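Below is one structure, written out as structure tokens, with a few remarks after it.
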Amino acid sequence: MSNNCPVCRSNNFKVIGIPKPNSIAKNFLRKEYKVVKCIECGSYYVHPLIDFSDKEWSELYNSEYFSAQTNWLINRRAKELFQRFEKAESYFKRNEEVNFLDIGCGEGRTLIEGLRRGWNVTGIDIVDNRIPEARTEKINFASGKFLELELPENFYDFVYLDSVLEHVLQPVEYLNKIRNILKPNGILYIGVPNEDSLFNVVRKTMFILSGKGSVAEKLKPFDSPYHVVGFNHSSLNYIISKAGFKIKLLRNFGRKFDFLSNPINTKAFWVSLIFLLPIELIGYLLKKDVYFEAYLSK
10 MSNNCPVCRS NNFKVIGIPK PNSIAKNFLR KEYKVVKCIE CGSYYVHPLI DFSDKEWSEL
70 YNSEYFSAQT NWLINRRAKE LFQRFEKAES YFKRNEEVNF LDIGCGEGRT LIEGLRRGWN
130 VTGIDIVDNR IPEARTEKIN FASGKFLELE LPENFYDFVY LDSVLEHVLQ PVEYLNKIRN
190 ILKPNGILYI GVPNEDSLFN VVRKTMFILS GKGSVAEKLK PFDSPYHVVG FNHSSLNYII
250 SKAGFKIKLL RNFGRKFDFL SNPINTKAFW VSLIFLLPIE LIGYLLKKDV YFEAYLSK
């Protein structure tokens, strides 16, 4: 792979800042990395290309990546999943059997929801972090890298790709392969962060005011959540079109009540309530919310 933009392959970029590594990632840094923005398509990425080994990535993506969750957060995510699956079903032609694939299935909650609907469900992830309820013989699971796995062509009715593209160095190749395994009337769901969100604008301002203006407010490739590629509205549209997908729905959204995901009267609760909630509300009004989601067809 080259050091060019992973989305459009251009080598024309501008530097956004220097990524800040955590204590684990510091041990793996062998180059001077920068977060850059592609001048051609608007995507954000790390330059030069990250050269971490699989073992090093595994040390970063350990089980602690999935932090403890409050009941409120679990219930909210279950509601979100239900709504997303209902929306997807309204787009793809319902057959007697629905083949569902979640790439980067994590704890496996999407697999549980698919199984509840009577679908044939398959989950893929590099590490098996499924919760006990998702470890049933009725759920297929493949451990490995998506691009290296052999999957049937024109087979899946619904492919779920939430919070994955921002973690991979070959996002176009991911979408090309998904298009190949998706049925002609199938649906792909994509969820990615909005790197041009108001939250990131405020974050950069805070860096500048604290004398850390050289630190990149985009991505966080060497600290959780380890995003190595980033999108805004224009670059997300670009990669969707480049991979040959058609947009059924593309929307920018945020989570206004995330303070409830933290235990009450903790520091995280009050910081989220007093500081983050106003940013989220203003971001909504300015259409600079923190996430994008898209429903796509071939």
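The working numbering puts the first residue of the sequence shown at 10, with every later residue one more than the last.
Beta carbons: idealized from backbone N, C-alpha and C, even for Gly.
Everything numeric in this text was worked out from a predicted model, so none of it was measured.
Report the three-state DSSP secondary structure of residue i (helix, strand or coil).
i    : result
S72  : Only weak support exists for where S72 lies, its pLDDT of 46 falling under 50; the value from the coordinates is given anyway. If DSSP states are grouped into helix, strand and coil, S72 belongs with the helices.
E152 : In the sequence as displayed, the identity of residue 152 is Ser instead of Glu. Three-state result, S152: strand.
N3   : This structure cannot settle anything about residue 3, because the visible part of the chain is limited to 10 through 307.
K35  : helix
D137 : coil
S206 : coil
P57  : coil
T131 : strand
I25  : strand
I171 : Checking the sequence shown, residue 171 turns out to be Asp, not Ile. The answer is strand: DSSP assigns D171 an E or B state.
E95  : helix
E159 : coil
S306 : strand
G200 : strand
L228 : coil
What do you reckon, are the CB atoms on residue i and residue j nearer than 7 Å?
i    : j    : result
F150 : G132 : yes
P202 : Y300 : yes
G113 : V173 : yes
L160 : I190 : yes
L228 : G220 : no
I25  : A225 : yes
A252 : L184 : yes
L178 : P15  : yes
S243 : G115 : no
G200 : E302 : yes
Can you give the Cα-Cα distance for residue i and residue j, rounded to whole angstroms?
i    : j    : result
V55  : I196 : 30 Å
Y304 : R260 : 9 Å
E49  : F22  : 8 Å
V237 : L207 : 20 Å
N194 : K307 : 7 Å
R103 : F262 : 27 Å
I249 : K147 : 32 Å
R125 : N13  : 43 Å
K297 : A34  : 30 Å
V44  : N138 : 29 Å
Y70  : P287 : 31 Å
L158 : Y198 : 20 Å
N36  : F164 : 42 Å
K40  : N84  : 42 Å
I121 : W128 : 10 Å
P141 : E89  : 21 Å
S19  : C47  : 7 Å
K192 : K29  : 41 Å
Y53  : S99  : 33 Å
K213 : G222 : 7 Å
L290 : F284 : 11 Å
G123 : L218 : 47 Å
N274 : R118 : 28 Å
S32  : L38  : 11 Å
Can you tell me which of the options puts its alpha carbon nearest to the alpha carbon of residue i?
i    : options                   : result
D63  : N274, V136 and K35        : V136
F231 : R18, Y42, P15 and S19     : Y42
E204 : L245, P180 and S233       : L245
W66  : S11, R86, R144 and H176   : H176
P57  : I27, N31, S32 and G51     : I27
Y68  : F254, L295, I256 and Y235 : Before going on, a small fix: residue 68 reads as Glu here, not Tyr. Nearest of F254, L295, I256 and Y235 to E68, Cα basis: Y235.
P180 : K276, Y247 and R86        : Y247
Under 7 Å, Cβ to Cβ, is there at least one residue of chain B near residue i?
i    : result
Y183 : The structure shown contains no chain B; it is built from a single protein chain.
For this session: Could you tell me whether the segment 107-123 touches the segment 157-173, using the rule of 3 or more Cβ pairs below 8 Å?
Result: yes
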